[in-house]
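Residue numbers (this note's numbering): 2 to 542.
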């Protein structure tokens, strides 16, 4: 059955857009605001939305909300931490869902939802109070499920370059309750990516149990192609079962967008299909609709939703179900594209290739080749690069119209001066930033790192002279130059070790070596520490 929706609440979403009411704009803003949230500090719970819908059908299901929410929030955080460690990812560098810094990360007062008059629960990030009687998963909760999917995709995507796929799983338990999570991520022969996140949770309290399931996927070309085109499919599914009551909500958004030379979206075309199915005892409702959202020259519009299939109750209730589903479909589509845009604008697709001048002679002129490469295949990406200089003396040109190109940095005449050259690249294929460092002597660094459970931290004011870094172990460094040399260390339990080291231009320090405990139990290792250049004039103050 295919019909044009002609009356009732099903028209509200579209009619408001046509008269300028910002339903679509609100969906975009909700997605844009979410990119500043710290998903690890305050994880959302997909099951919270499912429980609310089941509680609408069976009020007793609300008694399991706290169990589901606490379990899923803990599970998502631990799964993210596990993958971050396994793939050696810095969460602060992820495009979305991670703390950018202590000033920009958004915190919020815990929101409270009334489950029963006697029981008030703290929910997950931004999952503010939604009445249990409200039909359909809220736009806010749909937004958060897309955020979870995008976060885990971006966490692993740069580590998957070869054709094929990989799977990771984890189970979190709490008594008889548990949450199983799995991730499938890979790359196809045409360079497109595929990603799926699944979370199955069983909550158990007293003689009641509740099952919640969340599935999210992102498949296609999320990085802009040579012509600036982006095309991928986003899917979200939330479902649950409590006794004889079930709730299933599906959204599929097929997205096509085009990007200009500043990596901004100039047009979008999104086809949305959504369906909600619920069963309460012998009562059954199913409504599936589809519609299209387009944007050109900043004007966004949506077509009339069309009924694809209906079943069970076809009265006013199905009208409400369809309206809720259309709104959720709109939010899922806008969120998926907004999070993908942030990904390609924050270095998820391209990277600047340039080396820091490092330690240079006073008044010297230093040439810096600059190019931009694609992260997937390493191909050259012609880009405009703008330049800013913090410190003395000068850099030219202040813009490379198209890479590859060259910069010339002139160092100040004084010793112990430093500068940072800030680069930003833009093209139809994305954006990237890179900071280059230069200093006129002193070779000063803040150094920190770990070897297994041991942590070390310290400062050298001149890396060309012997220096010591302390902590759990004490390291003695003997340079052969300002950036290379050998080291030895000693520590508790007769711990000893030695090997070569290299201080790199990118703010890291590599240590290779062999370590032993109690005179035996020896092992070889290779570790990357941080070696942050600092202004020599401030060293030791």
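Cβ atoms here follow ideal geometry from the backbone N, Cα and C, with glycine treated the same way.
This one's a predicted model, so the numbers in the text were calculated from it and none came from an experiment.
Residue 534 classed as buried or exposed, judged by whether at least 16 other C-beta atoms fall within 10 angstroms: buried
Same chain only: Cβ atoms within 6 Å of residue 51, ignoring 5 sequence neighbours per side: 213, 239 and 241
For residue 309, the first and last residue of its enclosing beta strand (DSSP E): 307-313
Coil, strand or helix - residue 391 by DSSP: strand
Neighbourhood of residue 301 by C-beta, 6 Å cutoff - its chain only, sequence neighbours within 5 removed: 25
Rounded C-alpha distance that separates residue 402 from residue 153: 35 Å
CB contact below 7 Å: residue 440 versus chain B: You won't find chain B in this structure, because it holds only one protein chain.
Beta-bridge partners of residue 241, as assigned by DSSP: 213 and 248
Closest by C-alpha distance to residue 224, when choosing among 312, 460, 395 and 347: 347
Contact belief for residue 487 with residue 501 at Cβ below 8 Å, rounded distance in angstroms: 5 Å
Between the CA atoms of residue 163 and residue 186 - distance to the nearest angstrom: 11 Å
Candidates 314, 260 and 256: closest to residue 295 by CA position: 256
Counterpart residues of residue 444 in DSSP-defined beta bridges: Partner(s): none; residue 444 has no beta bridge.
Residue 401, DSSP secondary structure in three states: strand
Assigned exposure category for residue 493 - 16 Cβ within 10 Å defines buried: exposed
Touching by the beta-carbon criterion (3+ pairs, under 8 Å), the segment 410-417 and the segment 361-377: yes
Residue closest to residue 80, alpha-carbon to alpha-carbon, out of 183, 284 and 49: 183
Ordered list of alpha helix (DSSP H) runs contained in the segment 21-99, each at least 4 residues: 24-35, 47-58 and 66-87
Strand pairing of residue 530, partner residues [DSSP]: 510
Under 7 Å between C-beta atoms of residue 204 and residue 178: yes
Endpoints, beta strand (DSSP E) assigned at residue 284: 284-297
Three-state class that DSSP yields for residue 338 in the structure shown: helix
Cβ separation of residue 478 and residue 467, assumed to be a contact under 8 Å, to the nearest whole Å: 6 Å
Helix, strand or coil at residue 147 according to DSSP, with G and I counted as helix: helix
Residue 406 versus residue 41 - alpha carbon distance: 39 Å
Entirely enclosed beta strand (DSSP E) segments - the segment 152-217, minimum 3 residues: 165-175, 178-188 and 194-206
Start-end ranges of the beta strand (DSSP E) lying completely within the segment 422-503, minimum 3 residues: 431-440, 446-452, 455-461, 468-472, 475-480 and 485-492
Bounding residues of the beta strand (DSSP E) (the contiguous stretch that carries residue 354): 351-354
Alpha carbon of residue 155 to alpha carbon of residue 96, nearest angstrom: 7 Å
Alpha-carbon spacing of residue 136 relative to residue 435, whole angstroms: 47 Å
Residue 278, enclosing beta strand (DSSP E) - first and last residue: 266-281
Residue environment, residue 523, which counts as buried when at least 16 other CB atoms sit within 10 Å: exposed
Given residue 169 as reference, the closest of 349, 529 and 82 once Cα atoms are compared: 82
Selected residue, minimal CA-CA separation from residue 525, among 532, 513, 531 and 360: 513
Residue 251 burial status per 10 Å Cβ neighbour count (16 or more: buried): buried
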